[in-house]
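Asker: I have a structure I would like to understand better, so I am pasting it below and will then ask my questions one at a time.
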Amino acid sequence: MSLQPPQPPLRAAIVPVTPLQQNCTLLWCTATMRGAFVDPGGDLPKLLAAAAQHKVTVEKIILTHGHIDHCGEAKPLAEQLGVPIEGPHEEDRFLTSTLSESGAQYGIAGVNFEPDRWLVEGDTVTVGDLVLDVYETPGHTPGHVIFHHAPSKLALVGDVLFAGSVGRTDFPRGNHPQLLASIVEKLWPLGNDTTFIPGHGPASTFAHERRNNMFVSDAALAA
């Protein structure tokens with residue numbers, strides 16, 4: 075008799091959206107098959123098809139920050155699904171309240187919104203039976219947050235950190251020293267064996283970035 079390996083409590087599928095190829099993540103609890111979209115910037119038919127393919131019932135939308143490629147169509151998606159929006163931190167209100175204007179600049183649909191819940195450090199977000207911890211990680215935007223599921227050693231870090239790079243800080247209210255502090259003080263303590271899904275590009279681990287990232291490797295920061 076062959077034993078099936080146990081199901082991990084969390085599964086995630088990355089769905090790149092918008093011309094900026096932003097990683098929207100469909101995250102779900104395998105025990106309940108209830109899930110959330112993290113940073114649904116656009117391409118809603120593609121997102122709904124992914125949820126249907128994985129047989130996930132989406133119960134909320136969670137957002138790392140207010141840039142248009144991450145949340146331009148969060149509101150219409152929330153309305154279509156009848157679910158709440160949680161995040162980002164209220165410091166990004168200046169972005170979520172001007173999405174229609176920034177959308178015109180980028181040629182991306184943008185709908186202004188207020189989330190049902192602004193998030194602060196120490197909050198938790200539930201997805202099915204999963205509990206995600208919220209950390210404030212300003213620098214790319216002042217209200218950027220990340221989500222961490224400790225049992226799965228998984229972090230969703232938006233545009234704070236990328237495989238081989240870090241978030242841009244040349245946008246309004248970006249702050250490079252603050253971004254580096256967020257990475258060192260908030261991300262690294264989560265553990266080297268943590269896998270992270272960034273807002274763009276491939277996933278990586280904190281250990282790999284601490285060895286190889288030209289901006290925030292231990293060697294680069296010590297220089």
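The numbers in the sequence shown follow this note's numbering, run straight up by one, and end at 297. Every residue gets a Cβ at the ideal spot worked out from N, C-alpha and C, and that includes glycine.
#1: On a Cα-Cα basis, can you pick out the residue from A148, P79 and G140 that is closest to A110?
#2: Would you call the CB atoms of V208 and E188 closer than 8 Å?
#3: Quick check: the segment 114 to 127 against the segment 246 to 264, are there 3 or more CB pairs under 8 Å?
#4: Between A86 and the rest of its own chain, which residues show a CB-CB distance below 6 Å, the 5 nearest in sequence each way excluded?
#5: Would you tell me roughly how many angstroms separate the C-alpha atoms of I142 and A255, rounded to the nearest one?
#6: Which residues in the same chain have their Cβ closer than 7 Å to the Cβ of T216, if we skip the five residues on either side of it in sequence?
#7: Put I257 into one of helix, strand or coil per three-state DSSP.
#8: Using only the alpha-carbon positions, how far apart do R242 and E133 sit?
#9: Note down, in chain order, each residue of its chain lying with its Cβ closer than 7 Å to the Cβ of G184, except the 5 sequence neighbours on either side.
#10: Write down the C-beta distance between A294 and M288 rounded to the nearest angstrom, noting that I regard them as a contact closer than 8 Å.
#11: Applying the criterion that 16 or more other CB atoms from any shown protein chain within 10 Å of the CB defines a buried residue, is S278 buried or exposed?
Answerer: This is what the structure gives:
#1: A148
#2: no
#3: no
#4: T99 and L101
#5: 24 Å
#6: The amino acid at residue 216 is misidentified as Thr; the sequence shows Pro. Correct list, in chain order: E165, D166 and R247.
#7: helix
#8: 31 Å
#9: I142, G146, L173, S174, S176 and G177
#10: 6 Å
#11: buried
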